[in-house]
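Below is one structure, written out as structure tokens; comments come after it.
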């Protein structure tokens, strides 16, 4: 009897009723965080190659690093918990647009993908959607957990991309923003890895309520 009591899942009180957290929920959060960590490491290594190495040959390494970043981000977007289903789907669509555009550019250009994007800022109208999706994650995390690094990232990413797109940022300014982005992205991923799992799952009673409401409308 004591063993059964100890092994029983903890019951949480949600906005629309009680709920429990199962192993599937925990696995989803761990996959979400693993995706963020891989994406952050890939982005940080790529940024370091750009900022700290003057050898142009390293630019060829950026494409596989970017591919790893994109795939890992896609996994995180599949497993992230967002109450608004429309917003969740929209972020996934943005990721898909950015990823498909990146593949097309990588296959059609004789230059490394990073060079193509840097020299042709208008490509950000396609590739940039993947970073819109990433910024969506930063915003969600800033809103839900009030993390300083995600607040800064929510501003830094669009500032860098839009600044490069319209050509108003000096090279040094872009380098500084890229460095800030890389460092804070890694800080964010590391802090997520140490965070308790239940907060990332959220209030499951809200998800259940929204599902019932959508089913009733259908």
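In this note's numbering, the protein residues as written are 2 to 219. Virtual Cβ for every residue (Gly too), placed ideally from N, Cα, C. All values reported here derive from a predicted model rather than from experimental measurement.
Distance between residue j and residue i (C-alpha atoms, nearest Å)
{"i": "residue 102", "j": "residue 71", "result": "12 Å"}
{"i": "residue 96", "j": "residue 151", "result": "19 Å"}
{"i": "residue 17", "j": "residue 140", "result": "25 Å"}
{"i": "residue 78", "j": "residue 55", "result": "34 Å"}
{"i": "residue 6", "j": "residue 91", "result": "Reliability of the predicted coordinates at residue 6 is poor, the pLDDT of 44 falling under 50, and the value obtained from them is presented with this limitation in mind. Straight-line Cα distance between these residues: approximately 42 Å."}
{"i": "residue 30", "j": "residue 145", "result": "15 Å"}
{"i": "residue 172", "j": "residue 66", "result": "22 Å"}
{"i": "residue 24", "j": "residue 174", "result": "45 Å"}
{"i": "residue 120", "j": "residue 130", "result": "18 Å"}
{"i": "residue 148", "j": "residue 57", "result": "36 Å"}
{"i": "residue 12", "j": "residue 196", "result": "20 Å"}
{"i": "residue 111", "j": "residue 61", "result": "11 Å"}
{"i": "residue 100", "j": "residue 108", "result": "12 Å"}
{"i": "residue 160", "j": "residue 89", "result": "23 Å"}
{"i": "residue 42", "j": "residue 142", "result": "18 Å"}
{"i": "residue 93", "j": "residue 87", "result": "10 Å"}
{"i": "residue 194", "j": "residue 28", "result": "13 Å"}
{"i": "residue 59", "j": "residue 104", "result": "19 Å"}
Short Cβ contact (8 Å threshold) for residue i with residue j
{"i": "residue 73", "j": "residue 39", "result": "yes"}
{"i": "residue 132", "j": "residue 170", "result": "no"}
{"i": "residue 122", "j": "residue 166", "result": "yes"}
{"i": "residue 33", "j": "residue 207", "result": "no"}
{"i": "residue 202", "j": "residue 26", "result": "yes"}
{"i": "residue 154", "j": "residue 115", "result": "no"}
{"i": "residue 157", "j": "residue 135", "result": "no"}
{"i": "residue 22", "j": "residue 199", "result": "yes"}
{"i": "residue 106", "j": "residue 124", "result": "yes"}
CB-CB length for residue i against residue j, believed under 8 Å
{"i": "residue 75", "j": "residue 98", "result": "Actually they are not in contact, since the Cβ atoms of residue 75 and residue 98 sit about 12 Å apart, beyond 8 Å."}
{"i": "residue 176", "j": "residue 52", "result": "6 Å"}
- prompt: If you pair each beta-carbon of the stretch 173–193 with each one of the stretch 54–73, do three or more pairs fall below 8 Å?
  reply: Segments in contact, no.
message: With three or more beta-carbon pairs closer than 8 Å as the criterion, would you say the stretch 175–188 touches the stretch 45–53?
response: Yes, the stretch 175–188 is in contact with the stretch 45–53.
- prompt: Counting only runs that start and end within the stretch 37–84, where is the alpha helix (DSSP H) found for 4 or more residues in a row?
  reply: Within the stretch 37–84, complete alpha helix (DSSP H) segments of at least 4 residues are found at 63–80, given in chain order.
message: Which runs of the alpha helix (DSSP H) at least 4 residues long sit entirely within the stretch 162–206? Give them in chain order.
response: Every alpha helix (DSSP H) stretch that sits fully inside the stretch 162–206 and reaches 4 residues is listed by chain position as 172–195 and 199–202.
field: Whole alpha helix (DSSP H) elements within the stretch 99–152, 4-residue minimum
entry: Complete alpha helix (DSSP H) runs here, min 4: 114–120 and 125–146.
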